[in-house]
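Step one of this worksheet: look at the structure below.
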Amino acid sequence: TANVGLSYDYQFIDVEDFNGVGESSPEPYFYQNLGEAEYCVALFMYMRLLGYPANKISILSTYNGQKALIRDVVRQRCAWNPLFGEPAKITTTDRYQGQQNDYIIVSLVRTNHVGHLRV
């Protein structure tokens, strides 16, 4: 069964380019995707409005640049508001290995090339 407010137990969402921009790399190997960061934080906020505890939600990314961007968006959009607060963790998938949480939001970042991910 799906989690409250969501259609499925897990789902992949293709986030369109934000203002005509998908992934970017302001520095070499520092990949970011603003549209995806905004979407992840909006999903976190939606889950909080539905009553999901902030400490049960983590946001992960495959790149440090995206992790930094998500932290910035969380600070701007919801960290100051006690209704939302902050997720338990905002970190990279590599650093999160061996840890767990009830709800995980993952940002894969890349839209142009596969990068280091393997299927």
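Mapping of the sequence shown onto UniProt numbering: residues 1 to 119, in sequence order. Built from N, CA and C at the ideal position, the CB exists for glycine as well.
(1) Looking at Y103 and G65, is the spacing between their C-beta atoms short of 7 angstroms?
(2) In the UniProt domain "DNA2/NAM7 helicase-like C-terminal" (10-114), which residue ranges form an unbroken beta strand (DSSP E) of at least 3 residues, counting only runs that do not cross its ends?
(3) Under 7 angstroms, do H39 and V4 count as touching if we go by C-beta distance?
(4) Quick one: Cα of G51 to Cα of R77, how far?
(5) Do you know offhand how far T62's Cα is from V109's?
(6) Return the residue from the list P53, S58, T91 and S107 that minimises the CA-CA distance to L83.
(7) Would you grab the beta carbon distance between I70 and S107 for me? Rounded to a whole angstrom, and I think it's under 8 angstroms.
(8) For A37, count neighbouring C-beta atoms within 10 Å of its own C-beta (all shown protein chains included) and say buried if the count is 16 or more, exposed if not.
In short, the structure shows the following:
(1) Along the sequence shown, read from residue 1 onward, the residue named residue 65 stands at position 65. Along the sequence shown, read from residue 1 onward, the residue named residue 103 stands at position 103. No, these two residues do not count as a Cβ contact at 7 angstroms.
(2) Taking 3 residues as the shortest admissible run, the UniProt domain "DNA2/NAM7 helicase-like C-terminal" (10-114) contains the following complete beta strand (DSSP E) segments, listed from N- to C-terminal end: 57-61, 89-92 and 103-107.
(3) Counted from its first residue, the sequence shown places residue 39 at position 39. Counted from its first residue, the sequence shown places residue 4 at position 4. Correcting the residue identity first, residue 39 is Tyr in this sequence and not His. No. Outside cutoff.
(4) Taking the first residue of the sequence shown as position 1, residue 51 is located at position 51. Taking the first residue of the sequence shown as position 1, residue 77 is located at position 77. A straight line joining the alpha-carbon of G51 with that of R77 spans about 18 angstroms.
(5) Numbered from 1 along the sequence shown, position 62 holds the residue referred to as residue 62. Numbered from 1 along the sequence shown, position 109 holds the residue referred to as residue 109. In a straight line, the C-alpha of T62 is about 7 angstroms away from that of V109.
(6) In the sequence shown, residue 83 corresponds to position 83, counting from 1. L83 has its Cα closest to that of P53, out of P53, S58, T91 and S107.
(7) To locate residue 70, count along the sequence shown from 1; it is residue 70. To locate residue 107, count along the sequence shown from 1; it is residue 107. Their Cβ separation, rounded to whole angstroms, is 7 angstroms, which keeps I70 and S107 in contact under 8 angstroms.
(8) The residue given as residue 37 occupies position 37 in the sequence shown. It is buried - the Cβ of A37 has at least 16 other Cβ atoms within 10 Å.
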